[in-house]
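What follows is a single structure, written as structure tokens, with notes after it.
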Amino acid sequence: MTTAGTTLVIGATGTTGSRVAAQLTAAGHSVKAASRLAGPVAGAGPVRFDWYDPATHATALDGVDRVYLIPPLGDPDPAAIMLPFLHQARTAGVYRAVLLSSSAIPAGGPAVGTVHQALPDLFEQWAVLRPSWFMQNFTGTHAHALSIRDDGTIRTATEGGRVGFVDAEDIAAVAVRALTDEQAPDTDLVITGPEAISHDDIAAIITEVTDRSVVHRRLSYEQMRDRLTAEVPVEFAAMLAAMDRAIAAGAEDRVTDTVQRLTGRPPRTFRAFLEREMGRTGIPGSGPRAAVDP
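Counted from 1, the sequence shown has number 10 at position 27 by the numbering used here; the numbering is strictly sequential.
Structure, rendered in structure tokens:
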């Protein structure tokens, strides 16, 4: 059984937010689609929202009773801006919050882990989604997808470590249940695909599906950190490189039943994901039909 209400989807034009908004509206739920440019989202009411512009917050919160939270991208201390907003949201009448975090970050951990830890005391109902690494990282505008297009290479410091890569569509399906079921999960949910595979495996599957040679180049922690520093602040780059190092040590070598348990269907495999994307828009490196971030 699901409940009625209006959901504020923050990051409604992004990888998971766009899918959450689409699945909510397809099911007949009311959605306010929040983004910095208030871009149009089919079936939803667009609203301008910028984490770093508090003047946009009250309008975004007007008339909503639940919120899907995407932290500010690349901010090593998102709690500084998110917690004041969440207090404002509670005062405005929001009673349920679903936060996108990461399988690598527990409650009280770095970055969004602080927000995770605070959420149960802020809202009557809540959930923290902790997905593994996105399959879309290899088909969108992520650094991996760009390097696949540029030179057929995936560069990580994960060595042979395995990850339960997950489709963003499956993450969104879990988010929708957490937002609309009669009772929220009131816990954190580690979300993975059905198999734990290495970046070597990823490269091999992409090669088989696309007929384009892709290899995994293994970097050291320092090499990965320095490479990322060209794209993001050094503190955030060091944290991301450390996540790769944790993968190498086995930290993400797991699968969960979260998608099956909450949605009633199994999560998509990486091969099935690639075959679907080939049918939609093509895969990076496959020519002029190469995919872009949805």
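We put the CB at the ideal spot given by N, CA and C, even for glycine.
In the DSSP assignment, the beta strand (DSSP E) including residue i goes from what residue to what residue?
i, result
"I174", "T170 to I174"
"T136", "T136 to T139"
"Q108", "Q108 to P114"
"R263", "Taken as a continuous stretch (DSSP letters only), R263 belongs to no beta strand (DSSP E), being part of the alpha helix (DSSP H) at F253 to R263."
"V278", "With the chain covering -16 to 277 only, the question about residue 278 has no answer from this structure."
Where does residue i land, buried or exposed, given buried means 16+ other C-beta within 10 angstroms?
i, result
"Q119", "buried"
"A41", "exposed"
"P250", "buried"
"G0", "buried"
"D171", "buried"
"R272", "Confidence in R272 is poor, its pLDDT being 30 and thus under 50, which makes the residue's placement unreliable; the coordinate value appears in the next sentence. Exposed, because fewer than 16 other Cβ atoms sit within 10 Å of the Cβ of R272."
"Q6", "buried"
"A213", "exposed"
"D45", "exposed"
"V217", "exposed"
"D133", "exposed"
"A274", "Because A274 sits at a pLDDT of 28, beneath the cut-off of 50, its placement in the model cannot be relied upon, and the following sentence gives the value as read from the coordinates. Per the 10 Å Cβ criterion, buried."
"P114", "buried"
"G268", "Model confidence at G268 stands at a pLDDT of 44, short of 50, so the residue's coordinates are unreliable and nothing is read from them."
"E152", "buried"
"S84", "buried"
"P67", "exposed"
"L211", "buried"
"L69", "buried"
"S86", "buried"
"S130", "buried"
"A10", "exposed"
"G(-3)", "buried"
Hey, residue i and residue j are a contact pair by Cβ (cut 8 angstroms); roughly how many whole angstroms apart?
i, j, result
"D169", "W109", "6 angstroms"
"F305", "I189", "Residue 305 lies beyond the range of the chain shown here (-16 to 277); nothing can be said about it."
"T239", "V173", "5 angstroms"
"A80", "V50", "5 angstroms"
"G92", "D236", "Not a contact, Cβ separation roughly 19 angstroms."
"I137", "R200", "7 angstroms"
"A43", "L(-9)", "6 angstroms"
"V198", "G135", "7 angstroms"
"V242", "V157", "6 angstroms"
"A231", "T141", "5 angstroms"
"T8", "A27", "6 angstroms"
What's the gap between the Cα of residue i and the Cα of residue j?
i, j, result
"G247", "A234", "27 angstroms"
"T139", "T122", "16 angstroms"
"F262", "Q71", "Residue 262 is actually Gly in this sequence, not Phe. The straight-line gap from Cα to Cα measures roughly 44 angstroms."
"L105", "D60", "19 angstroms"
"G270", "R254", "Interpretation of G270 is limited by its pLDDT of 38, a score under 50 that renders its predicted location unreliable; no figure is taken from the coordinates."
"M(-16)", "E165", "With a pLDDT of only 48 at M(-16), under the threshold of 50, the placement of this residue in the model should not be trusted; the figure read from the coordinates follows. C-alpha separation (whole angstroms): 6 angstroms."
"L162", "A25", "19 angstroms"
"S18", "P37", "13 angstroms"
"V98", "D58", "13 angstroms"
"V3", "P89", "23 angstroms"
"D194", "P23", "36 angstroms"
"L257", "V192", "7 angstroms"
"P277", "P55", "Summary for P277: the model assigns pLDDT 24, below 50, so the residue's position carries little reliability, and this model does not support an answer."
"E205", "M222", "12 angstroms"
"F32", "H182", "35 angstroms"
"F117", "Q100", "23 angstroms"
"E260", "T74", "42 angstroms"
"A(-5)", "V30", "10 angstroms"
"A225", "I53", "22 angstroms"
"Y35", "P103", "24 angstroms"
"P177", "I185", "14 angstroms"
"A187", "S196", "8 angstroms"
"A94", "V215", "14 angstroms"
"D227", "A128", "17 angstroms"
"T124", "I64", "26 angstroms"
Could you tell me the boundaries of the alpha helix (DSSP H) in which residue i lies?
i, result
"R73", "A62 to A75"
"V197", "Counting along the chain, V197 falls outside any alpha helix (DSSP H), and DSSP gives it neither H nor E."
"P103", "G96 to L105"
"V159", "A151 to T163"
In chain order, each alpha helix (DSSP H) run of at least 4 residues that lies wholly inside the stretch 28 to 52: Whole alpha helix (DSSP H) segments, 4+ residues: 40 to 44.
4-residue-minimum alpha helix (DSSP H) runs that sit fully inside the stretch -8 to 29, ordered along the chain: For the stretch -8 to 29, whole alpha helix (DSSP H) runs of length 4 or above, ordered along the chain, are 0 to 9.
Residue ranges of each alpha helix (DSSP H) within the stretch 206 to 257, 4 or longer: Within the stretch 206 to 257, the runs of alpha helix (DSSP H) at least 4 residues long that lie entirely inside it are, in chain order, 217 to 231 and 241 to 246.
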